[in-house]
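Here full-length UniProt numbering is used: the first residue of the sequence shown is 1, the next is one more, and so on. Where is the CB? At the ideal position from N, CA and C, for every residue including glycine. All values derive from a computational prediction rather than experimental measurement.
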Amino acid sequence: MSRLATRFGQLKSQQRKALVSYVMAGDPHPEVTVALLHQMVDAGVDVVELGLPFSDPMADGPVIALAAERALAGGTSTLDALNMVREFRKKDTETPVVLMGYLNPVEVIGYEKFTAYANECGVDGVLLVDLPPEEAKEFDAVLKKYGMDQIFLLAPTSTDERIKHVVNQASGFIYYVSLKGVTGAATLDVSEAAARIQKIKSFTDIPVGVGFGISDAASAKAMGGVADAVIVGSAFVKQFAAHAPEQAVVETVNKVKELRAALDELV
């Protein structure tokens, strides 16, 4: 059983909701990331989503786009990000790690080479934002060869036909984008998101996580009430734009504790 399946199974048996944290690899410099991930897991993160720095992150708002710029300026490459997972695995062999990024760097490396090395480093799943299911079969075959999950996005505009198509290919979990916009957007319609998540769950038993627009205890608790996981990124990443790295780590860990406490109130 994969780490993702194991973790979601454990949480379901405990009637708890997963907290999935997005961190940009190498932001603000490579030495920060691995230690930060360990501290976030210790504070209550269940699944790590590690961003692959990319120069044209079309799905991301300014907070994460600037994080990618900082990471790239600091010299972090896609292979460096994979090596960070390898380093993370020296101390943590249980927490699932999902890579989130864009297709271009993976194509440059090559599906087989990228996936083989990601698997060797301890990666559990991959979400490529700009790789739709219709074009993902070749990559999916390679991921399956190495026992890794391919995560797909669904949106408020996804039709029933689209939902069925995605859930038939997805594994690990479904990432539901809670709003029409980019990462870090502020407007979150909880009732609409709840209805859409219920619709998705009527088609599949795969866990559904919800992201985009979740930034505090209230929004995390509201979404945790209807989804299997809440996915938080900009609320963590923005700390590195606002503070020196040491203080940013403290603020990020405190934010994890705030969100974890809110989700645990649902038990």
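For residue i, which residues from the same chain have a beta carbon less than 6 angstroms from its beta carbon, with the 5 sequence-adjacent residues on both sides left out?
i: A261; result: none
i: V177; result: L153, A155, F212
i: E258; result: A217
i: S215; result: A235
i: G184; result: Caution is warranted here: a pLDDT of 49 is assigned to G184, below 50, making its placement in the model unreliable, and the coordinate value is therefore given only provisionally. These residues qualify, in order along the chain: G61, V63, S234.
i: M1; result: none
i: M84; result: A25, T33, V34
i: M40; result: S21, V256
i: A67; result: M24, D27, V237
i: L103; result: L128, D130, L131
i: I231; result: V20, G209, G211
i: D92; result: none
i: Q239; result: A248, E251, T252
i: Q15; result: V267
i: residue 268; result: In the structure as shown, the chain begins at 1 and stops at 267. Residue 268 is therefore absent and cannot be evaluated.
i: Q169; result: P133
i: P105; result: T78
i: R3; result: P96, D124
Just tell me which of the options has its CA closest to the CA of residue i.
i: T246; options: D27, Q10, R16; result: The amino acid occupying residue 246 in the given sequence is Glu; Thr does not appear at that position. For E246, the nearest C-alpha among the options comes from D27.
i: M58; options: L131, E192, H243, S158; result: L131
i: I151; options: F139, R16, Q14, T157; result: F139
i: residue 276; options: P53, R89, A65, F88; result: Residue 276 falls outside the range modelled here, since the chain spans only 1 to 267, and no answer is possible.
i: I163; options: R86, E134, L4; result: E134
i: R89; options: E120, G110, A65; result: E120
i: D160; options: F114, A195, P105; result: A195
i: V190; options: Q10, K145, G224; result: G224
i: E107; options: M148, A136, T157; result: A136
i: T6; options: E69, R86, S55, E94; result: E94
State the start and end residues of the unbroken beta strand (DSSP E) segment that holds residue i.
i: M223; result: No beta strand (DSSP E) contains M223, which is instead part of the alpha helix (DSSP H) from 217 to 224.
i: L82; result: Unbroken run through L82 is the alpha helix (DSSP H), 78 to 89; no beta strand (DSSP E).
i: A229; result: 229 to 232
i: V210; result: 208 to 211
i: L266; result: Here L266 belongs to no beta strand (DSSP E), and DSSP marks it neither H nor E.
i: S35; result: Checking the sequence, you will find Ala at residue 35 rather than Ser. A35 -> not in any beta strand (DSSP E); alpha helix (DSSP H) instead, spanning 30 to 43.
i: A18; result: 18 to 24
Where do the N-terminal and C-terminal ends of the alpha helix (DSSP H) with residue i fall, by residue?
i: L11; result: 3 to 13
i: S55; result: From DSSP, S55 is part of no alpha helix (DSSP H); its letter is neither H nor E.
i: I109; result: 103 to 109
i: I64; result: 62 to 73
i: A241; result: 239 to 242
Whose C-beta lies closer than 8 angstroms to the C-beta of residue i among residues of the same chain, with five residues either side of it excluded?
i: E265; result: K221
i: I197; result: Y176, V208, V210, V226, A227
i: V167; result: I174, I200, F203, T204, I206
i: V142; result: Y111, E112, T115
i: K145; result: T115
Take residue i and list the residues in its own chain whose beta-carbon comes closer than 7 angstroms to its own, dropping the five residues that flank it on each side.
i: K255; result: A235, F236
i: V253; result: Q39, M40, A43
i: H243; result: E251
i: Y117; result: L82
i: H29; result: G74
i: A65; result: P57
i: H165; result: P133
Next item on the list: With a floor of 4 residues, list each alpha helix (DSSP H) that falls wholly inside the segment 112 to 194, ordered by position along the chain.
Entry: 137 to 145, 160 to 169
Margin query: Does the structure place the segment 124 to 144 close enough to the segment 75 to 84 that three or more beta carbon pairs sit under 8 angstroms?
Written below: no
Notebook entry, point to check: Should the segment 83 to 99 be regarded as contacting the segment 46 to 59, the criterion being three or more beta carbon pairs within less than 8 angstroms?
Noted result: yes
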